[in-house]
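Numbering (the working numbering), first residue to last: 540 to 884.
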């Protein structure tokens, strides 16, 4: 027993040393440093770790909303990031699409229980289990359909502009699990939702999101695509190990095409639960279908938007940098900001 115990201790020490070898030390020191008294001081520390710029929007119950900024929008021009700077919100787009689906289902214009095969018969024979996958499963990432952006032929730095080009990457592939039995995040789910909406309603998701969400909520600084924006307002995006500005890369489709300010994302997120966007019955459907928060990640852009029940409010963080092993520090900073807000609440 002593020998077994000794071996166990040695193995544990080796495992610990190996794991620490791969720890980003700057991030670890940042995480363990004393928590500042203010969000602004925290963001200034954050940009001091090598992040170019950050925006945080906080709207907490009973308090005026606040937007904090630190760092720069463009490293060459050294222009400061602004509270109303535009940002590629990446997969936070899916929150808007999920809300849109709930609104349309509430009017019986679409049916959450209809299958992919019923909605898109032309591709049904090339997607395994299409006759069992419901629209609700697509929304919830419970379809089992592979994620096209995980395919080796998908390029994050030169993405296709046609959604059919993305769809081709997963056609005739084996399902990852039986529909409804597991959760696995897949951009293909939302690509297919976009195709369903256009097939059934005759309008693309961009038109429908503007009509059903952006216009009613008065979100003037939210756009469904880069083609609609003043590019001067869009912050530059950078990724680790790559010097070029990535702001001109255009991502299309309901998986992650939208551009917004942190404030507008916060206002939208609040609308999901305060009765502004949904009727009571729609609210119940949304609560059973999707979440009150999301993250977003594209080359050059990292974002987090979440509702916090204990604060009865939302906190949104945008940082214009991405890269291997950088997401951890994004989450660390976000958690520290929320702690500061919680202690001051």
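Even for Gly, the Cβ is constructed at its ideal location relative to N, Cα and C.
By the three-class DSSP mapping on this structure, what secondary structure does residue i have?
i	result
residue 878	helix
residue 526	The shown model of the chain, from 540 to 884, leaves out residue 526, and the question about it has no answer.
residue 535	This structure cannot speak to residue 535, because the chain is shown only from 540 to 884.
residue 696	coil
residue 488	Outside the displayed span of the chain (540 to 884) sits residue 488, for which this structure offers no information.
residue 593	strand
residue 561	At residue 561, the pLDDT of 43 sits below 50, so the modelled position is not reliable; the number obtained from the coordinates is stated separately. Of the three classes helix, strand and coil, the one that applies to residue 561 here is coil, per DSSP.
residue 618	strand
residue 545	Legend: pLDDT at residue 545 = 48, less than 50; position of this residue unreliable, no value from coordinates given.
residue 817	coil
residue 774	coil
residue 602	coil
residue 759	coil
residue 654	strand
residue 844	strand
residue 586	helix
residue 825	helix
residue 572	coil
residue 811	coil
residue 871	helix
residue 632	helix
residue 858	strand
residue 836	strand
residue 610	strand
residue 785	coil
residue 659	coil
residue 625	strand
Measure from the alpha carbon of residue i to the alpha carbon of each residue in the options, then state which is nearest.
i	options	result
residue 609	596, 653, 603, 740	596
residue 715	749, 672, 756	672
residue 786	794, 810, 570, 773	773
residue 861	855, 869, 854	869
residue 723	732, 690, 679, 743	679
residue 612	643, 603, 625, 788	625
residue 798	758, 703, 655	758
residue 598	872, 875, 864, 856	856
residue 699	788, 621, 659	788
residue 726	762, 709, 708, 688	688
residue 776	711, 858, 808	858
residue 606	623, 767, 614, 600	623
residue 853	806, 670, 636	806
residue 842	585, 576, 593, 568	593
residue 791	766, 779, 781, 771	766
residue 696	633, 764, 840, 811	840
residue 653	867, 686, 732	732
residue 703	734, 781, 712	734
residue 721	646, 812, 684	684
residue 821	646, 577, 634, 636	646
residue 796	701, 573, 883, 771	701
residue 589	604, 866, 771, 879	866
residue 883	602, 632, 591, 871	602
residue 824	686, 637, 804	637
residue 620	728, 827, 586	586
residue 845	837, 827, 838, 812	812
residue 711	881, 826, 666	666
Beta-carbon separation of residue i and residue j under 8 Å?
i	j	result
residue 794	residue 682	no
residue 668	residue 718	yes
residue 648	residue 708	no
residue 584	residue 569	yes
residue 736	residue 753	no
residue 764	residue 751	no
residue 705	residue 730	yes
residue 831	residue 808	yes
residue 574	residue 864	no
residue 663	residue 655	yes
residue 600	residue 850	yes
residue 517	residue 633	Given a span of 540 to 884 for the chain in the structure shown, any question on residue 517 remains unanswerable.
residue 658	residue 738	yes
residue 778	residue 838	yes
Got a sec: is the Cβ-Cβ distance from residue i to anything in chain B below 8 Å?
i	result
residue 736	Judged by its chain identifiers, the structure shown contains no chain B, having just a single protein chain.
Quiz prompt | Any alpha helix (DSSP H) of 4 or more consecutive residues that is wholly inside the region 671-751 | solution = 674-678, 702-706, 726-740, 744-748
Practice problem: Give a yes or no on contact between the region 632-644 and the region 813-828, applying the rule of three or more CB pairs nearer than 8 Å. | Solution: In short, these stretches touch, since the Cβ pair count reaches three.
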